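Undergrad: Okay, so the sequence shown: first residue is 371 according to the working numbering, each after it adds one.
Handing you a structure now.
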Amino acid sequence: MADPNRSNSSEPSEARTCAQWERLFSAINHYFRDDDILQGSEHSSVESGYVIVAAYVLVISLGIFGNALTIVAILRNKQMRNVRNFFILNLALSDFFICTVTAPITLYTVLYMFWPFGTALCKIAGSLQGFNIFLSTFSITAIALDRYVLVIFPTKRERQHNLSLLFFSLIWLISILLALPLFDASDLNIIFQDKNCGISLTICHEQNEKWQKMAITKEVYTVGVLFVQYAFPLTSIAFAYSRIARRMGARFAARNSLLPNNDSLLNQRRKSIADRHRRTHFLMVTLVVVFASAWLPLNIFHLINTFNIVQRFSVPTFAFCHVTAICSACLNPLSYAFFNQNFRTEFVAMFESLGLIKLHDQINKWLKWNQKPASPMPSTEKTGYKLRETESENCLNHMAQELGRSPSQVMVITNT
Numbered sequence: 371m372a373d374p375n376r377s378n379s380s381e382p383s384e385a386r387t388c389a390q391w392e393r394l395f396s397a398i399n400h401y402f403r404d405d406d407i408l409q410g411s412e413h414s415s416v417e418s419g420y421v422i423v424a425a426y427v428l429v430i431s432l433g434i435f436g437n438a439l440t441i442v443a444i445l446r447n448k449q450m451r452n453v454r455n456f457f458i459l460n461l462a463l464s465d466f467f468i469c470t471v472t473a474p475i476t477l478y479t480v481l482y483m484f485w486p487f488g489t490a491l492c493k494i495a496g497s498l499q500g501f502n503i504f505l506s507t508f509s510i511t512a513i514a515l516d517r518y519v520l521v522i523f524p525t526k527r528e529r530q531h532n533l534s535l536l537f538f539s540l541i542w543l544i545s546i547l548l549a550l551p552l553f554d555a556s557d558l559n560i561i562f563q564d565k566n567c568g569i570s571l572t573i574c575h576e577q578n579e580k581w582q583k584m585a586i587t588k589e590v591y592t593v594g595v596l597f598v599q600y601a602f603p604l605t606s607i608a609f610a611y612s613r614i615a616r617r618m619g620a621r622f623a624a625r626n627s628l629l630p631n632n633d634s635l636l637n638q639r640r641k642s643i644a645d646r647h648r649r650t651h652f653l654m655v656t657l658v659v660v661f662a663s664a665w666l667p668l669n670i671f672h673l674i675n676t677f678n679i680v681q682r683f684s685v686p687t688f689a690f691c692h693v694t695a696i697c698s699a700c701l702n703p704l705s706y707a708f709f710n711q712n713f714r715t716e717f718v719a720m721f722e723s724l725g726l727i728k729l730h731d732q733i734n735k736w737l738k739w740n741q742k743p744a745s746p747m748p749s750t751e752k753t754g755y756k757l758r759e760t761e762s763e764n765c766l767n768h769m770a771q772e773l774g775r776s777p778s779q780v781m782v783i784t785n786t
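Encoded structure:
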C-alpha cells in the first residue's frame, strides 16, 4: 500500500528541499510583509510598505521632471549658459542623479533584504549614493557663496570668475574624497550559502571590519560628514543670504530716502520695491529652512545608528529620513529655477515647442507667485535724479534673478 504522505512527484527529495529553501528565502527577502515567517525576523506591515513606495515614487517623479526641465533649459539656450546658471546646472545634475540612481537603489534596499547584484555594484552603489548627496549639498553651498561674492563685491568681476571656478572644482573634489571611504567599506556579507542548491544569500552594507582597517573610524567619519555635509553648508548659506539681505536692504533704504514723499508715482514705485524686497527675503529664508529641515533627520539617524544609541535598526524610520532628505532634490528646481523669470520664459518656450500650450499656460499662471507689474520709472529730467549703475549692478541682477524680474525693473538712483 502506498504511503499517503509520500508525494507522487518524481522530483527528488533534495530538489524539493532546495525549492522549499528558495520559497522561504524569497518570502523573508520582502521586508514589508504581514506573516511572521521566522520567529524574530524583522519585518513591517504591507500597508507601511505601500506608503513608503508611494512617497519615493512621488518624490522621484517630481525630482526627475523638475531637474530635467532645468538641465534642458540651460543647455538649449546659449544666453542661459553663464557662471550663475552653471552652478544651478551642476545642482540640477546632481539632484537628477539622486532621483534616477541614488533613490531607486535605496528604495530597493529598503524593500528587500538580500543583494543579488554582486560585489562591484554593491561598492559602486554605496559610494555613488554618498557622492550624489555630497555634490548636491555642496552645490547649494556654492550657489549661496557665489551670490554672496556677487553682491558684496560687485566690482570685483575677475575675483568673481576665479572664485566660481574654485567653488566648482572644490565641490567635485571634496565630494569624491568623502565618497571614497564608503566605496572601501561597502561589501557583501554572506548569511547563507548552499552550493548543492545554488543558493547564496548576501547583504550589501558597510562592513565594520573594513572601517577598522581604515585610518579613520566609522564614528569619526559620521561626525565629520555631519559637519561637512550639514553644519558647514547650513552655516554658509545662512551667513551668505543674511548678508545679501542686509546689503540689499541697506541699498534700497538709501534709495528710498532720496525719493520725495509728495510724488504719488514715486510712492507707488517705493511700495513696489518694498514688496519685491520682502519676497526676495522670504525666498532666501525659505532656502535656508528647506535645507535645514530636509537633511537634519537623516544626519541624526546616522549618528544614532553609528553610535548604537538605539540597538534596533528601523527600516521604516530610515526610509522616512531618506525620503525627507531627497525632498530637497525635488524642491531645489522650484527654489532656484522655477521662481526665476529667465528660467520660466525658457520653460514656456519648451512647452510651446512641444505643443503643450494649455499645460504651460496653467503652469506659468501658477508660477507667477503673485508678482505685480513694476511701476514705470519717472524720467530723470523730471525728478532730477540719475541712475547709478556701477556700484549696485550685481546687487540688482541678483534681486532680479531671485524675483523673476528683468534687471531694468530694479534700479538704484542717487541725487545729482
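Think of the CB as a built atom: it goes at the ideal place given N, C-alpha and C, for glycine as much as any other residue.
Source: prediction; values computed, not measured.
#1: Does the contact criterion of 3 or more C-beta pairs under 8 Å hold for the stretch 420-434 versus the stretch 493-507?
#2: Quick one: grab the DSSP three-state call for Ala587.
#3: Quick one: Cα of Leu701 to Cα of Phe435, how far?
#4: With DSSP as the reference, label Ser396 as helix, strand or coil.
#5: Straight-line CA distance for Leu439 to Phe717?
#6: Straight-line CA distance for Leu394 to Ile407?
#7: How far does the beta strand (DSSP E) with His575 in it reach, from first residue to last?
#8: Rounded to a whole number of angstroms, what is the C-alpha to C-alpha distance between Gly725 and Thr715?
#9: Would you mind reading off the limits of the beta strand (DSSP E) that contains Asn559?
#10: Is the beta carbon of Ser509 sitting closer than 7 Å to the one on Leu461?
#11: Return yes when the Cβ of Val521 is within less than 7 Å of the Cβ of Ile614, no when it is not.
#12: Ordered along the chain, which non-local residues of its own chain (more than five positions away) have a Cβ less than 7 Å from that of Cys492?
#13: Classify Ile458 as buried or exposed, calling it buried when 16 or more other Cβ atoms lie within 10 Å of its own Cβ.
#14: For the structure I just gave you, are there three or more beta carbon pairs, one from the stretch 591-608 and one from the stretch 643-653, closer than 8 Å?
#15: Does Ser322 pass the burial test, meaning 16 or more other C-beta atoms within 10 Å, or should it be called exposed?
#16: Quick check on Ser414: does DSSP put it in helix, strand or coil?
#17: Mind listing, in chain order, the continuous alpha helix (DSSP H) runs of no fewer than 4 residues lying wholly within the stretch 665-690?
#18: Under the three-state reduction of DSSP, which class applies to Tyr478: helix, strand or coil?
#19: Flag this pair as yes or no: are the beta carbons of Ala495 and Ile468 separated by less than 7 Å?
#20: Can you tell me the Cβ-Cβ gap for Phe402 and Ile441, rounded? I've got them flagged as a contact below 8 Å.
#21: Does Leu477 pass the burial test, meaning 16 or more other C-beta atoms within 10 Å, or should it be called exposed?
#22: In the structure shown, what three-state DSSP assignment does Cys388 receive?
#23: Return the Cβ separation of Ala549 and Ser497 in integer angstroms, given the expectation that the two are a contact with Cβ distance under 8 Å.
#24: Residues bridged to Phe402 by DSSP?
#25: Compute the distance between the beta-carbons of Lys479 and Glu589, then report whether it is under 7 Å.
#26: Among Lys583, Ala473, Arg639, Lys580, which has the Cα closest to the Cα of Thr694?
#27: Rounded to whole angstroms, what is the Cα-Cα separation between Val658 and Thr605?
#28: How many angstroms separate the CA atom of Ser418 from the CA atom of Pro686?
#29: Return the chain-ordered list of same chain residues with a C-beta closer than 7 Å to the C-beta of Phe683, the five sequence neighbours on each side being excluded.
#30: Below 8 Å on the Cβ atoms is my contact criterion, and I expect Tyr482 with His400 to pass it. Report the Cβ-Cβ distance as a whole number of Å.
#31: Mapping the DSSP letters down to three states, classify Gly594 as helix, strand or coil.
#32: Pick helix, strand or coil for Phe456, following the three-state DSSP scheme.
#33: Nearest to Val471 by CA position, among Leu515, Ser431, Arg454, Arg451, is which residue?
#34: Note down the Cα distance separating Leu547 from Ile541, rounded to an integer number of angstroms.
TA: Short version:
#1: no
#2: For the purposes of this step, residue 587 is taken as residue 217 along the sequence shown, with counting starting at 1. With the sequence shown as reference, residue 587 is identified as Thr, and Ala is not the correct amino acid for it. Thr587 falls in the coil class under three-state DSSP.
#3: Here residue 701 corresponds to residue number 331 of the sequence shown, with the count starting at 1. Here residue 435 corresponds to residue number 65 of the sequence shown, with the count starting at 1. Cα-Cα distance, rounded: 11 Å.
#4: Reading the sequence shown from its first residue, position 26 is the one you call residue 396. Looking at Ser396 - three-state DSSP - the assignment turns out to be helix.
#5: Position 69 of the sequence shown, counted from the start, is the residue given in the question as residue 439. Position 347 of the sequence shown, counted from the start, is the residue given in the question as residue 717. The straight-line gap from Cα to Cα measures roughly 7 Å.
#6: The residue you call residue 394 lines up with position 24 of the sequence shown. The residue you call residue 407 lines up with position 37 of the sequence shown. Roughly 8 Å separates the two Cα atoms.
#7: The residue labelled residue 575 in the question sits at position 205 within the sequence shown. It spans 569-576 - the beta strand (DSSP E) in which His575 sits, taken as one unbroken run.
#8: For the purposes of this step, residue 725 is taken as residue 355 along the sequence shown, with counting starting at 1. For the purposes of this step, residue 715 is taken as residue 345 along the sequence shown, with counting starting at 1. Going from the Cα of Gly725 to the Cα of Thr715 covers about 15 Å.
#9: In the sequence shown, counting from the first residue as 1, residue 559 sits at position 189. Start and end: 556-564.
#10: For the purposes of this step, residue 509 is taken as the residue at position 139 of the sequence shown. For the purposes of this step, residue 461 is taken as the residue at position 91 of the sequence shown. Yes, Cβ-Cβ distance for Ser509 and Leu461 is below 7 Å.
#11: Against the sequence shown, residue 614 aligns to sequence position 244. Against the sequence shown, residue 521 aligns to sequence position 151. Cβ atoms of Ile614 and Val521: closer than 7 Å.
#12: The residue given as residue 492 occupies position 122 in the sequence shown. Around Cys492: Trp485, Ser556, Asp557, Leu558, Cys574.
#13: To locate residue 458, count along the sequence shown from 1; it is residue 88. By the 10 Å Cβ count, Ile458 comes out buried.
#14: no
#15: Residue 322 is absent from the structure shown; the chain starts at 371 and stops at 786.
#16: For the purposes of this step, residue 414 is identified with residue 44 of the sequence shown, where counting begins at 1. Three-state DSSP puts Ser414 in a strand.
#17: none
#18: Along the sequence shown, read from residue 1 onward, the residue named residue 478 stands at position 108. Tyr478 falls in the helix class under three-state DSSP.
#19: Numbered from its first residue, the sequence shown carries residue 495 at position 125. Numbered from its first residue, the sequence shown carries residue 468 at position 98. Contact flag unset, no.
#20: Indexing the sequence shown from 1 puts residue 402 at position 32. Indexing the sequence shown from 1 puts residue 441 at position 71. Actually they are not in contact, since the Cβ atoms of Phe402 and Ile441 sit about 34 Å apart, beyond 8 Å.
#21: Mapped onto the sequence shown, residue 477 falls at position 107. Burial call: buried.
#22: Within the sequence shown, residue 388 is the residue found at index 18, counting from 1. Looking at Cys388 - three-state DSSP - the assignment turns out to be helix.
#23: In the sequence shown, residue 549 corresponds to position 179, counting from 1. In the sequence shown, residue 497 corresponds to position 127, counting from 1. Right, the Cβ-Cβ distance comes to about 5 Å (below 8 Å), so this counts as a contact.
#24: As a first step, residue 402 must be located in the sequence shown, where it is residue number 32. DSSP lists Ser414 as partners of Phe402.
#25: Start at 1 with the first residue of the sequence shown, and residue 479 comes out as number 109. Start at 1 with the first residue of the sequence shown, and residue 589 comes out as number 219. Before going on, a small fix: residue 479 reads as Thr here, not Lys. No.
#26: Walking along the sequence shown from the start, residue 694 turns up at place 324. Per the Cα distances, Ala473.
#27: Within the sequence shown, residue 658 is the residue found at index 288, counting from 1. Within the sequence shown, residue 605 is the residue found at index 235, counting from 1. Those two C-alpha atoms are separated by around 9 Å.
#28: The residue labelled residue 418 in the question sits at position 48 within the sequence shown. The residue labelled residue 686 in the question sits at position 316 within the sequence shown. Roughly 8 Å between the two C-alpha positions.
#29: Numbered from its first residue, the sequence shown carries residue 683 at position 313. Correct list, in chain order: Asn675.
#30: In the sequence shown, counting from the first residue as 1, residue 482 sits at position 112. In the sequence shown, counting from the first residue as 1, residue 400 sits at position 30. Contact flag correct, Cβ pair sits at about 7 Å.
#31: One-based indexing of the sequence shown puts residue 594 at position 224. If DSSP states are grouped into helix, strand and coil, Gly594 belongs with the helices.
#32: Reading the sequence shown from its first residue, position 86 is the one you call residue 456. Phe456 falls in the helix class under three-state DSSP.
#33: Within the sequence shown, the letter at position 101 stands for residue 471. The residue with the shortest Cα to Cα distance from Val471 is Ser431.
#34: In the sequence shown, residue 547 corresponds to position 177, counting from 1. In the sequence shown, residue 541 corresponds to position 171, counting from 1. Near 10 Å, if we compare the C-alpha coordinates of Ile541 and Leu547.
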